[in-house]
Each structure stands twice: as C-alpha cells, then as structure tokens.
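Please read the structure below before turning to the comments.
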Amino acid sequence: MTPQGTPPAPAPPGRPPPERIATRARHLSLLNGLFEFRALIALAALIVLFGMLTDSFLTVPNLITMAEQIAVNGVVALGMLLVILKGGIDLSVGSVIGLSGVVAGELLEGLDLRFVDVIAFPPVWGVIVLCVVVGMLVGLVNGVLITRFEVAPFIATFGMLYVARGLALLISGGLTYTNLDGSPQLGNTGFGLLGNARPLGIPAPIWIMIVLSVAVMLVLTRTPFGRWLYAAGGNERAAELSGVPISRVKTVVYVISGGCAALAGLLIASELTVAAPQVGETFELNAIAAVVLGGATLNGGRGTVRGTLVGAVVLGLLVNGLMILDVSLFWQILIKGSLIIFVVMLDQGQQRLQRHRASVSALVTDGRPD
-14 MTPQGTPPAP
-4 APPGRPPPER
6 IATRARHLSL
16 LNGLFEFRAL
26 IALAALIVLF
36 GMLTDSFLTV
46 PNLITMAEQI
56 AVNGVVALGM
66 LLVILKGGID
76 LSVGSVIGLS
86 GVVAGELLEG
96 LDLRFVDVIA
106 FPPVWGVIVL
116 CVVVGMLVGL
126 VNGVLITRFE
136 VAPFIATFGM
146 LYVARGLALL
156 ISGGLTYTNL
166 DGSPQLGNTG
176 FGLLGNARPL
186 GIPAPIWIMI
196 VLSVAVMLVL
206 TRTPFGRWLY
216 AAGGNERAAE
226 LSGVPISRVK
236 TVVYVISGGC
246 AALAGLLIAS
256 ELTVAAPQVG
266 ETFELNAIAA
276 VVLGGATLNG
286 GRGTVRGTLV
296 GAVVLGLLVN
306 GLMILDVSLF
316 WQILIKGSLI
326 IFVVMLDQGQ
336 QRLQRHRASV
346 SALVTDGRPD
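Letter by letter, the sequence shown follows residues -14 to 355 in our numbering.
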C-alpha cells in the first residue's frame, strides 16, 4: 500500500496517468450507455417529431392501427432474435410469411384430394396448426443445411427465401386468395378472428405478440436452452467444450423463427381475409433491423426481448409517421434502407467501443495499488 501522504508513483513511460485513464473509462461508459439505449432515444425522438408535424399521429385510432402493424413485425422479430443470438441470420422469413398465407388460402378454399375424388375443408384451428408446421419445416430445412451440410446461414436462408416464395407461387398459380371468410355449411369459418378479434378491446395480434414475448423471455432467462443459446452465441467453441449441444441449438432457433414467420403470415391473411404469394417481401429486413436496433449484435451472444420489441416499435412509428405525412413510397424505401445501414453501423461501432472499453478497464485495474 502507498503510505498516506505519499504522492502516487509516476505512470510507466508511454502510459497515460491514472487520472486520465479513469476519466477515459468514465467517458466510454457513458458513450456505451447511449449505445445501449439507442432504441429508446430514437423512440422518444420519433414521438416528438411526428407529434409536432401532424395532429393525427398521437390519436387513439392511429395508435391502435400502428400497434397492430407493430405486433406482426414484432412476432417475426422475436423469432429473428433467437437466430441472431446464436450469431446466425434468417433471410427466409419474408417468404415464409407469404407461403403460410397461401397454404391457409388453399386449405380454407378447399383442398382438392383428387386421388380420392374429395375436396377437404379443414377446420380453422387445423389450418392454423398446419400453416405454422409448414413454417417450422422451412426452418428445419434451414437448420439441417447449416448444421449437417455446413452451409453458411446467409447462403442457406437466402436460397430458402427463393424456395419458399417459389412454392407459394406454384401452389397459388400466382393468384390471390380472396375468400378466406369460409362457409358455415362447410364448418371453416372464423379465420378472420385471428387477426380481427379484440379481446378486452385490444386487437388479437397484440395479445399474440405479448404472449409470445413472455414465452420467449422465459425461455431465454429461465431455461437451460436460453443459457445454451447465449453461451453458443458468445463463444461457440467454448460452449461446445462445456457440453452445449450446438447443432441442436442452431436447428431449434431456425425452427422457431420459421414458426413465428408463419404465424405472422396468418395474422396478415386473417386481418385482410386475403392471401397473396407476394406478401411478406422485405419483412426479413424489418426484423433484422428491429433486433439490432434493440441492442443485439449480429455476432451473437447479446440481445433481449425488451430491446427487440422497442426496436419493432421504433420501425413501426417511423413507417406510420411517414405514411401520415404522405411521404412518397420511394422515399420511404430509401429511408428504411438507410436506417438499416445506420443500425448495422451502430452495432459495429458499439462492438469497437466495447473492445476499447475493455482495454481501458484493464489499464484501470492494472494501475490500482495493491
């Protein structure tokens, strides 16, 4: 210990004084906090901006409509969160949205079983289950390609983007299903309730997003799978040596992502009572942007449900505000694309900041007296 009253030893040559190192550490900590809360800062800024520019933005009807749109994107983003936590990417979710809607339309309008000369009309609950299973099967194929055949996640899911979209076009013949209300005589009515029901005055998609959010949060924080996922995303090799079943974790997150995308496709088709194979385009980009904007890193190992939902809300506010201001669709696309690039740049900047912060913290620790 340094005797009381004795001045501290001078810093070694080439090393900054301890006071400067400590000040630098505080500044980096503050800057890292700004990065961590970037989604909340953006949320507050958008609310103030659009609230000042238009009186209709903060009205109850618009907020409810916006919440429904956010809920659909939030469902997709929750599945994407699990994939990104593992350090992967899923570009096929937009096509799965379109495919699930087409499968629902095909089943509700009657499945022609020519080999037995029968047209089957499954009940609505059966249609919902089958469509979610279809999405999970697409995710399973993604997982098998990545784990068994060692295809890079970007390539595997990019290929499945086209496969799923092609299946949707083949099933529908490129046409739109316009009669998803069903018929009482056939017992296939009620599909519209999935997207349009309002239990306790709150739209069903919002309830579904809330329930799914709680489920994902519990999985991440209260189960071994959640611990495996964070460990595998942070350092896959170390996690594997610790006994984490890496291949199983990878496959499961893609299966869940596919199921979430299929559920989102059902919500869209149910709300509109119309299904088209083109639905869902660019939804994968919205989901990735929401997850990263919410504080996750594309390298894996960091991210939360709360941050993802806030990121989805920010994107929803942005799109809704631009539409109310009657901004051209072309400008909306440009702005969203720029936002995605900016979000990824923020992620990379935060990673560099954290590495620098760790090195400065090491200097602070080394410079403490024994």
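Every residue gets a Cβ at the ideal spot worked out from N, C-alpha and C, and that includes glycine. Bear in mind the structure is a predicted one, so any value in this text is a computation, not a measurement.
query: Span separating the alpha-carbon of glycine 244 from that of phenylalanine 139; result: 19 Å
query: Spatially closest choice to alanine 425 from Ile241, Tyr215, Leu171 and Val103, by CA coordinates; result: Lying outside -14 to 355, the shown extent of the chain, residue 425 is not represented and no answer is given.
query: Length at least 4, wholly inside the stretch 197 to 282: the alpha helix (DSSP H) runs in chain order; result: 209 to 219, 221 to 226, 231 to 257 and 268 to 278
query: Buried or exposed (CB count within 10 angstroms, at least 16 for buried), threonine 267; result: exposed
query: Inter-residue CB distance, lysine 235 and lysine 71 (contact presumed, cutoff 8 Å); result: 6 Å
query: Bridge-paired residues (DSSP) for isoleucine 104; result: Asp97
query: Straight-line gap, leucine 179 to glycine 64 (C-alpha atoms, nearest Å); result: 19 Å
query: Alpha carbon of proline 188 to alpha carbon of alanine 182, nearest angstrom; result: 6 Å
query: Leucine 76 vs glutamate 269 beta-carbon contact at 8 Å; result: yes
query: Glycine 126 versus isoleucine 231 - alpha carbon distance; result: As written in the sequence, residue 126 is valine, which differs from the glycine given in the question. Those two C-alpha atoms are separated by around 16 Å.
query: Any 3 or more C-beta pairs closer than 8 Å across the stretch 142 to 153 and the stretch 169 to 178; result: no
query: Separation of leucine 93 from alanine 216, as counted between CA atoms; result: 43 Å
query: Cβ contact check for the stretch 268 to 287 and the stretch 21 to 39: 3 or more pairs under 8 Å; result: yes
query: Of the residues Asp102, Gln339 and Ala247, the one placed nearest leucine 441, counting alpha carbons only; result: Because residue 441 is not part of the residues shown, which for the chain are -14 to 355, the question remains open.
query: In DSSP terms, what tyrosine 162 is bridged to; result: Ala260
query: DSSP state of threonine 44 mapped onto helix, strand, coil; result: coil
query: Own chain residues within Cβ distance below 6 Å of proline 262, not counting five before or after; result: Gly83, Val87, Ala153, Leu154 and Ser157
query: Of the residues Glu221, Leu283, Ile318 and Gly296, the one placed nearest valine 329, counting alpha carbons only; result: Leu283
query: N-terminal and C-terminal residue of the alpha helix (DSSP H) that serine 157 is part of; result: 138 to 157
query: Nearest residue (CA-CA) to glycine 292, options Ile131, Ala224 and Glu21; result: Glu21
query: Residue range of the unbroken alpha helix (DSSP H) whose run includes isoleucine 187; result: Where isoleucine 187 is concerned, there is no enclosing alpha helix (DSSP H), given that its DSSP letter is neither H nor E.
query: Helix, strand or coil at glycine 285 [DSSP, three-state]; result: coil
query: Contact belief for alanine 56 with proline 184 at Cβ below 8 Å, rounded distance in angstroms; result: Not quite, the Cβ-Cβ distance comes to about 13 Å (not below 8 Å), so this is no contact.
query: Simplified DSSP state of glycine 172, which is helix, strand or coil; result: coil
query: Given valine 118 as reference, the closest of Ile104, Thr142, Gln335 and Val81 once Cα atoms are compared; result: Val81
query: Closest by C-alpha distance to aspartate 40, when choosing among Ile309, Asn220, Phe210 and Gly124; result: Ile309
query: Within 8 Å, strictly: CB atoms of glycine 301 and methionine 51; result: yes
query: Distance CB(leucine 31)-CB(leucine 303) smaller than 8 Å; result: yes
query: Best match in Leu203, Glu53 and Ile104 for proximity to glycine 186 [C-alpha to C-alpha]; result: Glu53
query: Beta-carbon separation (whole angstroms), valine 109 vs glycine 175, contact threshold 8 Å; result: 5 Å
query: Assigned secondary structure, glutamate 21 (DSSP; H/G/I helix, E/B strand, else coil); result: helix
query: Separation of glycine 73 from glycine 228, as counted between CA atoms; result: 20 Å
query: Assigned secondary structure, aspartate 355 (DSSP; H/G/I helix, E/B strand, else coil); result: Any reading at aspartate 355 needs caution, since the residue's pLDDT is 43, under 50, leaving its predicted position unreliable; the model's value is listed next. Three-state DSSP puts aspartate 355 in coil, outside helix and strand.
query: Contacts around serine 344, its chain only, beta-carbon distance under 7 Å, and the 5 residues preceding and following it disregarded; result: none
query: Beta carbon of glycine 306 nearer than 8 Å to that of phenylalanine 35; result: yes
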